[in-house]
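K.L.:
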Amino acid sequence: NEQGKFSLRLPAGDKYEIFILGFKDSTSYNVLDIPMPQGNAYYKSPFKIDIQFQPAKTFVLDDCNFDFGKATLQESSYTVLDELVAYMNRKADEKIEIGGHTDNIGSHEKNQKLSEERANTVRAYLLTKGIDPDRVTAKGYGMDEPIEENSTEQGRAKNRRTEVKIIE
Numbered sequence: 612n613e614q615g616k617f618s619l620r621l622p623a624g625d626k627y628e629i630f631i632l633g634f635k636d637s638t639s640y641n642v643l644d645i646p647m648p649q650g651n652a653y654y655k656s657p658f659k660i661d662i663q664f665q666p667a668k669t670f671v672l673d674d675c676n677f678d679f680g681k682a683t684l685q686e687s688s689y690t691v692l693d694e695l696v697a698y699m700n701r702k703a704d705e706k707i708e709i710g711g712h713t714d715n716i717g718s719h720e721k722n723q724k725l726s727e728e729r730a731n732t733v734r735a736y737l738l739t740k741g742i743d744p745d746r747v748t749a750k751g752y753g754m755d756e757p758i759e760e761n762s763t764e765q766g767r768a769k770n771r772r773t774e775v776k777i778i779e
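Per my numbering, the very first residue in the sequence shown carries number 612; after that it's consecutive.
#1: What residues in its chain sit with their C-beta under 7 angstroms from that of CYS675, if we drop five residues either side in the sequence?
#2: Given a cut-off of 8 angstroms on the beta-carbon distance, is the pair TYR752 and SER718 in contact?
#3: Spell out a yes or no on whether the region 752–761 and the region 692–704 are touching, meaning 3 or more CB-CB pairs, one atom from each, closer than 8 angstroms.
#4: I'd like the list of long-range same chain contacts for LYS668, defined as Cβ closer than 6 angstroms, with 5 residues on each side in sequence excluded.
#5: Is MET699 closer than 8 angstroms to ILE742 when the C-beta atoms are compared?
#6: Taking just the CA atoms, how far does PRO648 sit from ALA697?
#7: Excluding the 5 residues flanking GLN685 on each side, which residues of the same chain have their C-beta closer than 6 angstroms to its C-beta?
#8: Less than 8 angstroms between the CB atoms is what I'm expecting for LEU672 and VAL747, so what's the real figure, rounded?
#9: ARG746 by DSSP, collapsed to three states: which one?
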């Protein structure tokens with residue numbers, strides 16, 4: 612149902628692997644062991660098992676790409692952004708922050724402005740898809756929060772990213 616609750620009938624005496632997949636990096640894995648009743652015993656009534664799922668609070672939109680030095684979305688970005696729209700439609704009570712990040716090539720001011728423009732571009736895309744403006748904020752972080760070293764092209768590529776932060 613809408614709260615993520617479900618029921619199913621499983622035979623006793625076996626182990627079941629439960630894998631829950633959320634948006635992007637959000638996953639949970641559990642093993643459920645239903646022991647075989649002893650002798651002539653049987654389970655007379657259903658029993659409840661709670662499985663906790665903790666979604667990631669911040670994740671990178673890996674395929675959200677922009678033209679070099681600009682805030683223009685590349686067409687390849689639409690797929691992951693449409694997935695985010697679908698997620699937002701399913702989670703109508705959640706609010707998010709779109710965070711734009713850059714590498715350290717160029718001035719601090721230029722990177723700050725570019726990251727803000729890119730975050731606002733993603734926000735604008737979500738709004739055109741019907742997401743309530745009160746649920747989405749945009750913030751540019753410039754080059755201030757790298758996740759890799761900026762000394763290599765691979766590191767700089769990882770630092771040029773768009774993040775989504777779930778706000779509770």
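Note that the Cβ used here is the ideal one computed from N, Cα and C, for glycine as well. As the structure is a prediction and not an experimental result, all values here were calculated from the model.
P.N.:
Quick look at the numbers:
#1: As a first step, residue 675 is located in the sequence shown; it is residue number 64 there, counting from the start. So the qualifying residues of the chain are SER688, VAL691, LEU692, VAL733, THR773.
#2: In the sequence shown, residue 752 corresponds to position 141, counting from 1. In the sequence shown, residue 718 corresponds to position 107, counting from 1. No, these two residues do not count as a Cβ contact at 8 angstroms.
#3: no
#4: By one-based count along the sequence shown, residue 668 stands at place 57. Taken in chain order, the residues that qualify are ILE777.
#5: Along the sequence shown, read from residue 1 onward, the residue named residue 742 stands at position 131. Along the sequence shown, read from residue 1 onward, the residue named residue 699 stands at position 88. A contact, by the Cβ cut-off of 8 angstroms.
#6: On the sequence shown, residue 697 is found 86 positions in, with the first residue counted as 1. On the sequence shown, residue 648 is found 37 positions in, with the first residue counted as 1. Cα to Cα, ALA697 sits roughly 43 angstroms from PRO648.
#7: Here the question's residue 685 lines up with position 74 in the sequence shown. Closer than 6 angstroms at Cβ, skipping near neighbours: ASN676.
#8: Mapped onto the sequence shown, residue 672 falls at position 61. Mapped onto the sequence shown, residue 747 falls at position 136. Not a contact, Cβ separation roughly 13 angstroms.
#9: Locating residue 746 in the sequence shown gives position 135, where the first residue counts as 1. If DSSP states are grouped into helix, strand and coil, ARG746 belongs with the helices.
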